[in-house]
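Asker:
Residue numbers (the numbering used here), protein chains in the order written: chain A, 992 to 1177; chain B, 50 to 819.
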């Protein structure tokens, strides 16, 4: 009986086992694509700033995100500027630069619930002359309150009907951001 | 093992002892006599054709299956044995004196076969269902799961048309074992969208053990076992093989596979290569954009009979695939999910056909290296050693920003080793088998994904031991077996705080199987099996964390899970009446305590991309039970009718809530007619198959996004025949699936939220044997 066959086999098995006694530390992936933070900075004609912000530093799952929104003044025109950050990296990475680089493949949408009276229009363009939405104009009307949903779509169909004026219904594409703010205008 | 199988002793004598010393006799007056019998029950096969290729002439067996071929010379001959309803069988024989042989043909292609007995040392009261020969030939080009789906009680869970996993009696994934040529398949089995990495062309025989489990094949398979076997290389010193070509109209999917084999003095070899190339599938109304497939697989088998007592095999296989996933099923959040569900055609549906595969898609590579050694100590004592090393790489690509679509979103490498040393012994009516096994798994995430891994890096150390006693006397046989496993995990987990947590834990599992089988008459057999199996939670159930993109849900593992304990009883009866009617029924009852499942949470998880359905792994006591029926009636030699029916019920024990993803009741029937040979075409066969799948009315609405789809009926038809080209056989067949171009969705297809199933599909199959 050729037991000599078995011996190396057992040895190999044991060596494989022992040589890996401690599970090696995995390399932590560089989450360069993660968006942890969305800030909508609203500036009125006098330079007063208001802020809507969504921060979820640990990404999907885990801790719940922190959502804050300042009260907006009625009958006021705000210049809105969106900042997207990955604050899980240090220093924080700017994601809006990435969106700007691929402006033709991205578009922001702003959906106000029926109770909320704000008119929002785009204030920037991609290379094809279609809106991008990192910069926009918020015109508040009389006092109201409701939900403002801020959406970033990747690969939307920008030429579909209504998309250029901010109607998301025909936009399709993938949602990179969808955040709800409870907004009060008074 | 033909060398040691007494039944084929005659053939053995003829084949092995008479050997290669071919001396041309001056007069050619040797007589070859023989008998053709049914491999299944040993009954004689009359009117079988025995064709001698070298002489280009043939004889026909008489009513008792006997035949005589006279005036043969002292040399080697290739015989081809054919019979209506059988796959033709090549036989190679060297003769130098008058010889008597026995030829077994696989007749009666119902899958109501006897207990699987693979050579010496495997005895079991377990009932298994097999597909081989003709049945596999009729299913070439399909995935492993869709082939197994032909067995009553087996269904599949799909992720679109290209990705399918087998489901046995309602259980799948971590709960079933797949034995790939004797080695437990080690891949990322936890994912519902992870199909088994096996090329069906490397399988001569596919068996499914639906029973209470087998102590030999690893601990966790409380749902059943799927066994693929390639079998031994034919004894024939000349190069032989086959070429298969399959063209499916839906998706213009081309499959080409070749097999070459040759047995030689030093060793015998077999080489299999398969390539598959397909594009977008089509529903009755629209293309399923990005559902193409690429596959390139290779396998090599080397066998060596060292001497009378030593036999060794090497086997290496490489499975390599790229699978497109329906573009419109890549969903960002609950809002988009609801929008996708409401659409008639999925998002991103293209108007034109394309072969291209873009993200989302999967790339999977699987290497298996196996070495197996058998030592026949005495006639009654066999030592068997198996060594299997597997390397599995799974990459999943998503649609991502800034060119990152080229970067996998999930990238896992799994290295595994498996060693099995077993001893089988026979003493009187007793048969013993025992062994020790060691399984090692090392799973590593590639950090280049830029995403925190869904399952952590880990190592698993799994030593185990098993023993089984089998006793058979007269009409009854009994079996008792036990198994003990230690699963030790070493986990290195990246937390969302970007710190690494090292965890070690162990589970001890045991299984006990008891079985009895009784042959009331030679036509009726009853088998009862009871098995107690403990399954410890798998890595994904304990630690998964994050977004499962394929299903747009956030899943979280649960560290406090304890092992599941299953107690399955299965009672199988097989009846054959006058070689006309075959009937098999299986009735089973399986309570599982601490059954692990994904429990939907009331509050969806809020992320920057919006809200996602949120699930946590949880446990509960459940019970599964069901019934399978499989039958075949041969109205005449040329006309037969078959029927299959299966039902499964699963619910929680206390609350009675229904379990998710239980296969819907289904019934299928096939009627086939074989004509007599027309000129050069042998036994043309025409068949019509209908399948009705009921609506799954037993569901828990809180657990799913949509209620199950409606019932559907599918009609398939096929026509097949064979002909001889220069004394080589060519099989050709045409099959039309979904003949009525029915619009339907299947409950177990996870893309049912977005798209219909594929429409009509015309499949052409050619197989050339040489």
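C-beta: ideal position from N, C-alpha, C; glycine also.
Contact check, residue 796/B vs residue 805/B under 8 Å by CB: the rounded distance?
Answerer: The pair is not a contact, with the Cβ atoms about 13 Å apart (cut-off 8 Å).
Asker: Taking only the alpha-carbon atoms, compute the straight-line gap between residue 181/B and residue 628/B and give it to the nearest angstrom.
Answerer: Cα to Cα, residue 181/B sits roughly 20 Å from residue 628/B.
Asker: Near residue 803/B, which residues of its chain fall below 6 Å by C-beta distance, leaving aside the five closest residues on each side in sequence?
Answerer: Contacts found: 377, 378, 389 and 395.
Asker: Rounded to a whole number of angstroms, what is the C-alpha to C-alpha distance between residue 165/B and residue 194/B?
Answerer: Here the model assigns residue 165/B a pLDDT of 35, short of 50, so the residue's position is not dependable, and the following value carries that caveat. Looking at the two C-alpha atoms, the distance is approximately 20 Å.
Asker: Going by DSSP, what residue range makes up the beta strand (DSSP E) through residue 531/B?
Answerer: 525-543 is the extent of the beta strand (DSSP E) around residue 531/B.
Asker: Between the stretch 699-713 of chain B and the stretch 725-740 of chain B, do at least 3 Cβ pairs fall closer than 8 Å?
Answerer: No contact exists between the stretch 699-713 of chain B and the stretch 725-740 of chain B.
Asker: Using beta carbons (cut-off 7 Å, strictly below), is residue 1018/A in contact with chain B?
Answerer: Taking Cβ atoms only, chain B reaches closer than 7 Å to residue 1018/A, which makes this a yes.
Asker: Label residue 72/B either buried or exposed according to how many other C-beta atoms from any shown protein chain fall within 10 Å of its C-beta, with 16 as the threshold for buried.
Answerer: The pLDDT assigned to residue 72/B is 40, lower than 50, so where the model puts this residue is not dependable; a value taken from the coordinates is nonetheless given after this. The residue in question, residue 72/B, is exposed, as its Cβ has fewer than 16 Cβ neighbours within 10 Å.
Asker: Can at least three beta-carbon pairs, one atom from the stretch 682-692 of chain B and one from the stretch 606-620 of chain B, be found at a separation below 8 Å?
Answerer: The stretch 682-692 of chain B is not in contact with the stretch 606-620 of chain B.
Asker: Quick one: measure Cβ to Cβ for residue 542/B and residue 603/B, integer angstroms, because I've assumed they're closer than 8 Å.
Answerer: The pair is not a contact, with the Cβ atoms about 17 Å apart (cut-off 8 Å).
Asker: Within 8 Å, do at least three Cβ pairs link the stretch 767-784 of chain B to the stretch 300-314 of chain B?
Answerer: These segments do not touch.
Asker: Which residues in the same chain as residue 167/B place their Cβ atom closer than 8 Å to its Cβ, once the five residues preceding and following it in sequence are excluded?
Answerer: Because the pLDDT of residue 167/B is 35, which lies under 50, any placement of that residue in the model is unreliable, and the number read from its coordinates should be weighed accordingly. For residue 167/B, where only same-chain residues beyond five positions count, the Cβ hits under 8 Å are 278.
Asker: By Cβ distance below 7 Å, which residues in the same chain neighbour residue 235/B in space, the five residues on each side in sequence not counted?
Answerer: Counting only Cβ-Cβ distances below 7 Å, and skipping sequence neighbours, we find 439, 441, 463, 465 and 490.
Asker: Whose Cβ in chain A lies nearer than 9 Å to the Cβ of residue 496/B?
Answerer: Correct list: 1017, 1018, 1019, 1020 and 1021.
Asker: So the alpha helix (DSSP H) residue 878/B belongs to, where does it begin and stop?
Answerer: Residue 878/B is absent from the structure shown; chain B starts at 50 and stops at 819.
Asker: Could you list which residues in chain B have their beta carbon closer than 9 Å to that of residue 1030/A, in chain order?
Answerer: Within 9 Å Cβ-Cβ: nothing; residue 1030/A doesn't reach chain B, min ~12 Å.
Asker: Between residue 800/B and the ligand MN, is there a pair consisting of the residue's CB and a ligand heavy atom that are separated by less than 6 Å?
Answerer: Only the bare structure without any ligand can be found here, which leaves the ligand MN out of the picture.
Asker: Under a three-way DSSP split, which group does residue 1091/A fall into?
Answerer: Residue state, collapsed to three classes: helix.
Asker: For the beta strand (DSSP E) containing residue 1103/A, list its first residue and its last residue.
Answerer: Residues 1097-1103.
Asker: Using CA atoms only, rank isn't needed, just tell me which of 270/B, 314/B, 251/B and 269/B is closest to residue 346/B.
Answerer: Residue 251/B is the option with its Cα nearest to residue 346/B.
Asker: Does the stretch 351-369 of chain B come into contact with the stretch 317-326 of chain B, if we say contact requires no fewer than three beta-carbon pairs (one atom in each stretch) closer than 8 Å?
Answerer: Yes, the stretch 351-369 of chain B touches the stretch 317-326 of chain B.
Asker: Indicate whether at least one CB of chain A lies closer than 7 Å to the CB of residue 745/B.
Answerer: No, its Cβ sits nowhere closer than 7 Å to a Cβ of chain A.
Asker: Using alpha carbons as the reference points, say which of 1163/A, 1060/A and 1080/A lies closest to residue 1020/A.
Answerer: Of the listed residues, the one whose Cα sits closest to residue 1020/A is 1080/A.
Asker: Taking the C-alpha atoms as reference points, what is the distance between residue 846/B and residue 729/B?
Answerer: Examination of residue 846/B is not possible in this model, given that chain B is present from 50 through 819 alone.
Asker: Alpha carbon to alpha carbon, how far is residue 119/B from residue 154/B?
Answerer: Rounded to the nearest angstrom, the two C-alpha atoms are 22 Å apart.
Asker: Quick check on residue 383/B: does DSSP put it in helix, strand or coil?
Answerer: Residue 383/B falls in the helix class under three-state DSSP.
Asker: Identify every run of the beta strand (DSSP E) within the stretch 1098-1160 of chain A, keeping only runs that are complete inside it and at least 3 residues long; order them along the chain.
Answerer: The stretch 1098-1160 of chain A contains these whole beta strand (DSSP E) runs: 1109-1113, 1126-1131 and 1135-1145.
Asker: Below 8 Å, how does it come out for the stretch 543-561 of chain B and the stretch 202-214 of chain B: are there three or more Cβ pairs, yes or no?
Answerer: In short, these stretches do not touch, since the Cβ pair count stays below three.
Asker: Assuming residue 799/B and residue 207/B are in contact, meaning their beta carbons sit under 8 Å apart, how far apart are those beta carbons, in whole angstroms?
Answerer: Correct: roughly 7 Å between the Cβ atoms.
Asker: With which residues is residue 207/B paired in a DSSP beta bridge?
Answerer: DSSP lists 213/B and 798/B as partners of residue 207/B.
Asker: Select from 1036/A, 1154/A, 1029/A and 1120/A the residue whose C-alpha is nearest the C-alpha of residue 1141/A.
Answerer: Closest option to residue 1141/A, Cα to Cα, is 1029/A.
Asker: What does the alpha-carbon distance come out to for the pair residue 678/B and residue 187/B?
Answerer: Roughly 22 Å between the two C-alpha positions.
Asker: Starting from residue 500/B, find everything on chain A with Cβ-Cβ shorter than 7 Å and list it in chain order.
Answerer: What residue 500/B touches in chain A: 1020 and 1022.
Asker: Against residue 1026/A, what residues of chain B qualify as contacts under a CB-to-CB distance less than 7 Å, listed in chain order?
Answerer: Going along chain B in sequence order, the residues near residue 1026/A (Cβ under 7 Å) are 657.
Asker: Who does residue 644/B pair with in a DSSP beta bridge?
Answerer: Residue 644/B is bridged to 669/B.
Asker: For the structure I just gave you, are there three or more beta carbon pairs, one from the stretch 116-136 of chain B and one from the stretch 82-100 of chain B, closer than 8 Å?
Answerer: Touching, per the Cβ criterion.
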